Amino acid sequence: MEILTLVYIGCFSFFFGGTASVFANPKTRHNLYIFPVIGGIFMAAAGLQLINGHEFVMLPYSLTPYLDLRFNAGPLAGLFIFAVSVLTSAVSVYTIGYAKGMQRGGFKGLFYNLFILSMYAVLFSGNIFTFLVSWETMSIVSYFLVTFDRTESSTIAGLIYALMTHIGTAFIIALFFMLYKYTGTADFDAMKGKMELVPQEIKNIIFLFSLIGFGTKAGVMPLHTWLPRAHPAAPSNVSALMSGVMIKTGIYGFIMIGLDTLGQCPEWWGITVIVVGSVSAVVGILYAIMESDIKRMLAYSSIENIGIIMLGLGASLVFRSKGLNALSSLALLAALYHVLNHSIFKGLLFLSAGSVLHGTQTKDMEKMGGLLKKMPYTGLFFLIGSVSICALPPFNGFVSEWLTYQSLLFGFETSSTLAKIITPLGGAALALTGALAGAGFVKVFGISFLGLPRSEHSANAHESSSPMIWAMGFLAVLCLLYGVFPGIVIDNLLSPVVLSVTGSQMVPAKAGMFGYAVNFATYTPALALTLMLVAFVFAVMFLYGMGGRTKIVYGESWDCGIPALNSRMQYSAMAFTKALRQIFKKIYLPRRELAVSYIVKPFFVRSIRYKGEITPFVEKHLFEPLTKSIHSLAERMRELQSGSLHVYLGYILITLMSLLILLRCG
Amino acid sequence: MMAIGSLQFLIILIFSPLVQGLIKTLKAKMQGRIGPGVLQPYYDLLRLFKKEMVVSNVTSWVFKATPYIVFCSSLAASMMVPIVTAGFSFGAFGDVIVIIYLLALGRFFMALGGLDAGTAFGGEGSSREMTVAILVEPMMMLAMFTAAISAGSTNIAQIAVSDHAVYTPSHLLALAAFVVAVVAETARVPVDNPDTHLELTMIHEGMLLEYSGRYLGLMEWSYCIKQMLLFTICADIFFPFGLVAREGLEGLGFSIAAYAIKMTIMAVLMAFVESSRAKLRFFQLPGLLGGAFVLSVLSLLTYIMMGTK
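Okay, here's the thing in C-alpha cells:
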C-alpha cells in the first residue's frame with residue numbers, strides 16, 4: 138500500500154477515535170480505543186516503508202502566503218514513527234481495559250488521540266513552521282493529560298512541565314531563526330544543502346541551542362526536573378507514551394538538527410554530548426534508586442536511558458569529526474537501537490506499574506509486597522521489563538548497551554588524546570549505571586512483588602483485565618525478540634536509517650540474523666540462550682540422576698526461632714538502598730529528622746518519628762536560585778506600576794521623546 | 125582442537141569444587157588448622173543433591189527458578205571462555221562484556237531470591253550484594269577495557285592471543301584492580317566472609333540462607349564455577365602463557381599443565397589474602413573498592429599516555 142494511503146487511514150483512525158470518545162456512552166467508551174490500535178498498526182506499516190526508502194512528500198498546505206504546512210519524512214523519521222506506532226498500539230490495547238469506568242473518559246480519549254497525532258505531526262514535519270506548531274500542540278495536549286486528575290501535585294507538575302518545555306521551545310525557536318536567517322529557507326530538506334552559508338560560530342551556537350532545547354524535552358540533566366513530576370502525575374497509559382516516545386521526539390529533533398543538518402562538526406561537540414550523557418545517566422539512576430514511588434523511579438530511569446542514548450550520539454559526533462564515518466555509523470546504530478529498546482521496555486514497565494496501581498490503589502512501594510502471587514502476569518511482565526532495562530542478556534537492553542560499549546571503546550582509534558580518555562571513561566560510566574540500574578530494579582521488583590504484603594492494599598490486590606495483560610505480554614515478547622534477533626532488527630530497521638544520516642555503512646559484517654559482529658567481537662544472543670538451555674537440560678538431568686524427583690516440604694521462613702514473623706521485619710524500600718545513600722552522600726546530601734519520645738528514658742520508647750530525604754541537587758542549586766532571582770526582579774519591576782495615572786503619562790512622554798530623539802539621530 | 129574447545133568447560137564444571145577445596149585447605153593450613161580436605165566440597169554437593177528441600181511458603185516461583193538461572197548463566201559463561209585452548213572462543217563465543225553481564229544476570233536473580241522469603245537476612249544479603257556490585261562493576265569493566273583496547277577487541281580469545289605486553293605498568297595496575305574485583309565478586313575476606321555463620325556479616329551467604337537440598341547444591345556449585353571462571357578470565361587476560369594453541373597432544377598437555385599451575389597460583393593468592401586480612405566493616409568497603417577503581421582509571425590513563433605498547 139502506498140505510504141500516503143497508510144498515513145491517511147492511520148490519522149483518520151486516531152481522529153475518529155478521539156472525537157467519537159467525546160460523544161460515546163461512558164459504559165462502552167473504553168472499546169473506542171480500538172481505533173488508536175488500528176491507527177498505530179497502519180502508521181507502523183508506513184514507518185517501515187519510510188525506513189526502506191520510499192518517498193513520502195505531501196503537497197504543502199498554505200495557511201497564509203508566507204506560512205505553509207509541509208509534511209514529508211525520510212528514513213530517520215520513519216524509524217521514530219515505527220517506534221511510536223508500535224508502542225501506541227500496545228498502549229491502546231492496554232487502555233481498552235484500563236479506561237473502563239474512568240472518570241471524564243471522553244475528553245481523555247480525545248486528548249489521548251490528539252497527543253499521538255501531534256507526535257506524528259512532529260515527526261512528519263518538513264519545515265520550521267510545521268515543526269513548531271506540532272511541537273507546541275504536543276506540549277499543550279500532554280500538559281492537559283498530565284493535569285487531568287486535577288489534584289494539587291499534578292497541577293504543580295503540569296505547571297513545571299509547561300514552563301520547562303516552553304523554555305526548551307524558546308531555544309528551539311531561536312535556533313530555527315538562525316538557520317532560516319543564514320540559509321534563507323525554512324524547509325529542512327533544502328536547508329541541508331545550504332549549510333555552508335552558515336558560519337562556524339553560528340553553527341556552534343545552533344548546536345548548543347539544539348542540545349538545550351531538545352534536551353529539555355528529552356530530559357537531559359540538568360533540564361530534567363519536570364520529568365519526575367510530570368510522568369507520575371499522568372495516567373499510566375499516558376506515562377508510558379510520554380516516557381516511551383514523547384521524550385524520543387526530543388532525541389529525534391537533536392539528531393535531525395545536530396547530526397543530520399549541521400553536517401561536519403568539531404570534536405568538542407561530541408565530547409560535550411558524551412559528558413552530558415554520562416552525567417545524565419549516572420545521576421539519573423542515582424536518584425531513581427532512592428525513590429519509593431514506582432512511577433517516579435521509572436521516570437528517573439528514563440533520564441538515565443536518555444543519558445545512554447546521548448552517550449551513543451556523542452560518540453557518533455566524535456567519530457564524525459575525525460572523519461571515521463563507519464565508526465560514526467556504529468555509534469549512531471547503538472543510540473537508535475537503544476531508542477527502540479527503551480520505548481518498548483519503558484512502555485512495558487509503566488504499563489505494569491499502572492496495572493499495579495490499578496490493582497492495589499497505591500504507588501508507594503513501602504505499602505506493597507507479595508504481589509507476585511496476587512498478580513502473576515503483571516509480575517512476570519514487570520520482571521521481564523526489569524531484566525531488559527538492566528541490560529541483562531538475552532533481552533533487548535543488553536544488545537544496545539553492548540553496541541554502545543563497542544562504539545565507546547573504538548574511541549581509542551581516534552587520534553586525539555581527549556577522545557581517548559573521555560570515551561573509555563564514558564564506558565566506565567555506562568558500567569556504573571548498569572550496576573546501579575540492577576540495584577534499583579531488584580529493589581522495585583523485590584520489594585513490590587516478593588515477600589510478604591506490607592499493607593492492606595497489597596494483601597487485597599487483584600490482577601488486571603485481559604486487554605491490559607495482553608498488551609504487556611506483547612511488549613514483553615518484543616523485548617525478548619529484539620534481544621534474541623538483533624540481526625533482523627538491524628538489517629530491516631536500523632541500517633537504512635543510519636545509512637541515510639551518516640552516508641556510510643557500519644563497521645564490518647553482521648554475523649547473520651542471530652547475531653552481530655564488530656571487529657572480531659561478536660555477540661550472538663541466540664548462542665548465549667542456547668548455551669543456557671543446554672546447561673539447564675544438563676542440570677535437570679543431573680539432579681534427577683542424583684536425587685530422583687524433587688521433594689519439597691513447605692515451611693516457615695527462617696526466623697531465628699522467634700515465632701510471629703511479620704511483614705514489618707522485611708527490608709523496606711528505603712532500607713534496601715540506605716547503604717548507597719550513605720556511600721554517595723556527597724551527591725545526595727541527605728537530611729534526616731529523628732524524634733524519639735520515651736516512656737522511661739532511655740529504656741522504653743513510646744514512639745519514633747523518622748523522616749529522611751535527599752536533596753534534589755539540580756532543583757535546589759540551579760532552579761531555586763534562578764526562580765528566586767526572577768521573582769525578586771519581578772518584585773522590583775512592580776514598583777514601576779505605581780497606580781498613578783500621572784506616572785504612566787510621564788512614561789509615555791519619556792518614551793515618545795526618546796524615540797523622536799533616536800529617529801532624529803539615527 | 126574443536127572438540128577439545130567445545131568440551132573444555134567441563135574442566136570448570138568438574139574441577140571448580142576442587143579449587144574451592146584447595147583454597148579452604150590452604151587457608152586452614154595458613155591459619156594453623158588441619159582443614160576439611162580438598163575433596164570436601166564434592167562430598168557436600170553430593171550430600172545436598174540427595175536431600176529433601178524445605179522451602180518457605182512465602183516464596184514464589186522466582187525462588188525456585190533462581191538456582192537454575194544462576195547455574196545456567198554461570199555455566200553458559202564458562203562455556204564461552206578459553207581455558208586450555210583459544211581456538212574455540214574466536215568468532216561466536218567469548219566476548220568479555222557478554223560474560224560479565226551473564227554473571228550479572230545470575231546476581232540479579234540471586235538478589236531477588238534473597239528478597240523472596242520475606243526475611244530480614246535475605247534482604248540484607250541482597251541489598252549489600254547489589255551495593256558491592258555497584259562499587260565493583262565499573263572497576264572490573266575498566267580494567268578489562270584497558271586490556272581490550274590494547275588488544276583491539278573485546279573478544280577474550282583475541283585478547284589472550286594478541287601480542288599485548290603483559291608487564292607494562294598499565295597492565296600491572298589493571299591486574300591489581302582486577303584482583304580486588306575478583307576478591308569482591310567471589311565474596312572473600314576482606315569484602316565478605318564465606319565461612320561466616322553470623323547473619324550480620326553475610327553478603328553472599330545471606331542470599332542463600334533460605335535454600336536447602338538440591339537448590340543449595342546448585343547455588344554452591346554455581347559459586348564455585350563463578351570463582352574458577354573469574355580466575356580463568358584473569359589468567360586469560362593477564363597471563364595468557366600456555367594458551368596459544370600449539371598443535372597436537374603435547375601442546376594440549378602443556379596447556380593443561382599451564383592452566384593447572386595458574387589456578388593453583390590464584391588459589392594460593394586467595395587463601396593468602398583471606399588469611400592475612402580481617403573482614404572490613406561494610407562502610408569501609410567504598411574506600412577499598414574506590415581505591416581499586418582509581419587504580420583502574422590510572423591503568424587506562426597510563427596506557428594512553430605511554431602510547432601503544
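Residue numbers (this note's numbering), protein chains in the order written: chain A, 138 to 803; chain B, 125 to 433. Just so it is clear, CB atoms sit at the ideal spot from N, CA and C, and this is done for glycine as well. The model shown is predicted, which means the values in this text are computed figures rather than measured ones.
Taking only three categories from DSSP, how would you classify residue 709 (chain A)?
Sequence index remark: in the first sequence, residue 709 (chain A) carries index 572 (1-based). Of the three classes helix, strand and coil, the one that applies to residue 709 (chain A) here is coil, per DSSP.
I want to verify the contact list: residues of chain B whose CB lies under 7 Å from the CB of residue 295 (chain A), in sequence order.
As a working mapping, residue 295 (chain A) is identified with position 158 in the first sequence. Chain B residues near residue 295 (chain A): none, gap ~35 Å exceeds 7 Å.
Beta carbon of residue 525 (chain A) nearer than 8 Å to that of residue 435 (chain A):
For this step, residue 525 (chain A) is matched to residue 388 along the first sequence. For this step, residue 435 (chain A) is matched to residue 298 along the first sequence. The answer is no: Cβ separation not under 8 Å.
With DSSP as the reference, label residue 327 (chain B) as helix, strand or coil.
Counting from 1 along the second sequence, the entry for residue 327 (chain B) is found at position 203. It is coil, neither helix nor strand.
Below 8 Å on C-beta distance, what does residue 262 (chain B) contact in chain A?
Mapped onto the second sequence, residue 262 (chain B) falls at position 138. Here the neighbours are 565, 566, 568, 569, 572.
8 Å Cβ cutoff met for residue 422 (chain B) and residue 260 (chain B):
Position 298 of the second sequence holds residue 422 (chain B). Position 136 of the second sequence holds residue 260 (chain B). Cβ distance not < 8 Å, so residue 422 (chain B) and residue 260 (chain B) don't count as in contact.
Pair within 8 Å by beta-carbon distance, residue 187 (chain B) and residue 230 (chain B)
Here the question's residue 187 (chain B) lines up with position 63 in the second sequence. Here the question's residue 230 (chain B) lines up with position 106 in the second sequence. Cβ atoms of residue 187 (chain B) and residue 230 (chain B): not closer than 8 Å.
Along the stretch 493-511 of chain A, where does the CB come closer than 9 Å to a CB of chain B? Name the residues.
506, 507, 509, 510
Once the 5 residues before and after residue 447 (chain A) are set aside, which same chain residues still bring their CB inside 7 Å of it?
Residue numbering aside, residue 447 (chain A) sits at position 310 when the first sequence is read from its first letter. These residues qualify, in order along the chain: 357, 410, 413, 414, 417.
Starting from residue 203 (chain B), find everything on chain A with Cβ-Cβ shorter than 7 Å and list it in chain order.
The residue you call residue 203 (chain B) lines up with position 79 of the second sequence. Those within 7 Å of residue 203 (chain B) in chain A are 668.
Could you tell me whether the stretch 378-398 of chain B touches the stretch 220-235 of chain B, where touching means 3 or more Cβ pairs closer than 8 Å?
no
Under a CB-based cut-off of 8 Å, is residue 616 (chain A) close to chain B?
Counting from one through the first sequence, the residue named residue 616 (chain A) turns up at place 479. Cβ-Cβ to chain B under 8 Å: no for residue 616 (chain A).
Where DSSP assigns a beta bridge to residue 140 (chain B), which residues make up the other side?
As a position in the second sequence, residue 140 (chain B) is number 16, starting the count at 1. Beta-bridge pairing links residue 140 (chain B) to no other residue.
Unbroken alpha helix (DSSP H) runs of length 4 or more, entirely within the stretch 335-382 of chain A: which are they?
337-355, 364-370, 373-378
Residue 205 (chain A), DSSP secondary structure in three states:
For this step, residue 205 (chain A) is matched to residue 68 along the first sequence. Looking at residue 205 (chain A) - three-state DSSP - the assignment turns out to be strand.
Can you list, in chain order, the residues of its chain whose CB lies under 7 Å from that of residue 169 (chain A), leaving out five sequence neighbours each side?
Position 32 of the first sequence holds residue 169 (chain A). 154, 157, 158, 161, 246.
Between B:156, B:220, B:316, which has its C-alpha nearest residue 279 (chain B)'s C-alpha?
Taking the second sequence and counting its residues from 1, the one referred to as residue 279 (chain B) is at position 155. Comparing Cα-Cα distances from residue 279 (chain B) to each of B:156, B:220, B:316, the minimum goes to B:220.
Check residue 741 (chain A) in the structure and name its three-state DSSP category.
Here residue 741 (chain A) is taken as the residue at index 604 of the first sequence, counted from 1. Of the three classes helix, strand and coil, the one that applies to residue 741 (chain A) here is strand, per DSSP.
Other residues of its chain near residue 301 (chain A): CB distance less than 6 Å, five sequence neighbours each side excluded
Position 164 of the first sequence, counted from the start, is the residue given in the question as residue 301 (chain A). Answer for residue 301 (chain A): 353, 363, listed in chain order.
Where does residue 496 (chain A) fall in DSSP's three states?
As a first step, residue 496 (chain A) must be located in the first sequence, where it is residue number 359. If DSSP states are grouped into helix, strand and coil, residue 496 (chain A) belongs with the helices.
When the Cα atoms are used, what is the spatial distance from residue 232 (chain A) to residue 225 (chain A)?
Along the first sequence, one-based indexing puts residue 232 (chain A) at 95. Along the first sequence, one-based indexing puts residue 225 (chain A) at 88. Approximately 10 Å, taken between the alpha carbons.
Output yes if chain B places a C-beta closer than 8 Å to the C-beta of residue 149 (chain A); else output no.
If you number the first sequence from 1, residue 149 (chain A) lands on position 12. By this cut-off, residue 149 (chain A) is not an interface position.
Work out the CA separation of residue 205 (chain B) and residue 357 (chain B) for me, nearest whole Å.
Looking up residue 357 (chain B) in the second sequence gives position 233. Looking up residue 205 (chain B) in the second sequence gives position 81. Going by the C-alpha atoms only, they are around 7 Å apart.
Endpoints, the beta strand (DSSP E) within which residue 102 (chain B) is located:
Residue 102 (chain B) lies beyond the residue range present for chain B, which begins at 125 and ends at 433; the question has no answer from this structure.
Can you grab the Cα-Cα spacing for the pair residue 746 (chain A) / residue 730 (chain A), in whole Å?
Counted from its first residue, the first sequence places residue 746 (chain A) at position 609. Counted from its first residue, the first sequence places residue 730 (chain A) at position 593. The alpha-carbon atoms of residue 746 (chain A) and residue 730 (chain A) are separated by roughly 8 Å.
Nearest neighbour of residue 709 (chain A), chosen from A:261, A:291, A:428 [CA to CA]:
Against the first sequence, residue 709 (chain A) aligns to sequence position 572. For residue 709 (chain A), the nearest C-alpha among the options comes from A:428.
Less than 8 Å between CB atoms is the rule here; does residue 243 (chain B) satisfy it with respect to chain A?
Taking the first residue of the second sequence as 1, we reach residue 243 (chain B) at position 119. Judged by the 8 Å Cβ criterion, residue 243 (chain B) is in contact with chain A.
Just the Cα atoms here: how many angstroms apart are residue 601 (chain A) and residue 492 (chain A)?
Along the first sequence, read from residue 1 onward, the residue named residue 601 (chain A) stands at position 464. Along the first sequence, read from residue 1 onward, the residue named residue 492 (chain A) stands at position 355. Rounded to whole angstroms, residue 601 (chain A) to residue 492 (chain A) spans 6 Å at the Cα level.
Contact under 8 Å by Cβ, residue 262 (chain A) with residue 193 (chain A)
Numbered from 1 along the first sequence, position 125 holds the residue referred to as residue 262 (chain A). Numbered from 1 along the first sequence, position 56 holds the residue referred to as residue 193 (chain A). No, these two residues do not count as a Cβ contact at 8 Å.
Measure the beta-carbon distance from residue 263 (chain B) to residue 311 (chain B) and round it to whole angstroms, keeping in mind my assumption that it falls under 8 Å.
Position 139 of the second sequence, counting from 1, holds the residue named residue 263 (chain B). Position 187 of the second sequence, counting from 1, holds the residue named residue 311 (chain B). That pair is no contact at about 16 Å.
Report the neighbours of residue 350 (chain B) on chain C: residues whose CB is nearer than 9 Å to its CB, in chain order.
Protein chains in the displayed structure are A and B, and chain C is not among them.
Short-range partners of chain A found in the stretch 183-200 of chain B, where Cβ spacing is below 9 Å
183, 184, 185, 186, 187, 188, 191, 192, 193, 195, 196, 197, 198, 199, 200
Comparing C-alpha positions only, which one of A:289, A:270, A:445 sits nearest to residue 355 (chain A)?
Locating residue 355 (chain A) in the first sequence gives position 218, counting from the first residue. Nearest option by C-alpha distance: A:445.
Is there a C-beta anywhere in chain A that falls below 8 Å from the one on residue 433 (chain B)?
Residue numbering aside, residue 433 (chain B) sits at position 309 when the second sequence is read from its first letter. With a pLDDT of only 44 at residue 433 (chain B), under 50, the local geometry of the prediction cannot be trusted, and the value read off the model is given with reservation. Not an interface residue.
Per-residue DSSP class, three states only, for residue 189 (chain A)
Counted from its first residue, the first sequence places residue 189 (chain A) at position 52. Coil.
Looking at residue 539 (chain A): is its Cβ nearer than 8 Å to the Cβ of residue 660 (chain A)?
Against the first sequence, residue 539 (chain A) aligns to sequence position 402. Against the first sequence, residue 660 (chain A) aligns to sequence position 523. Yes, the pair counts as a contact, with Cβ atoms nearer than the cut-off.
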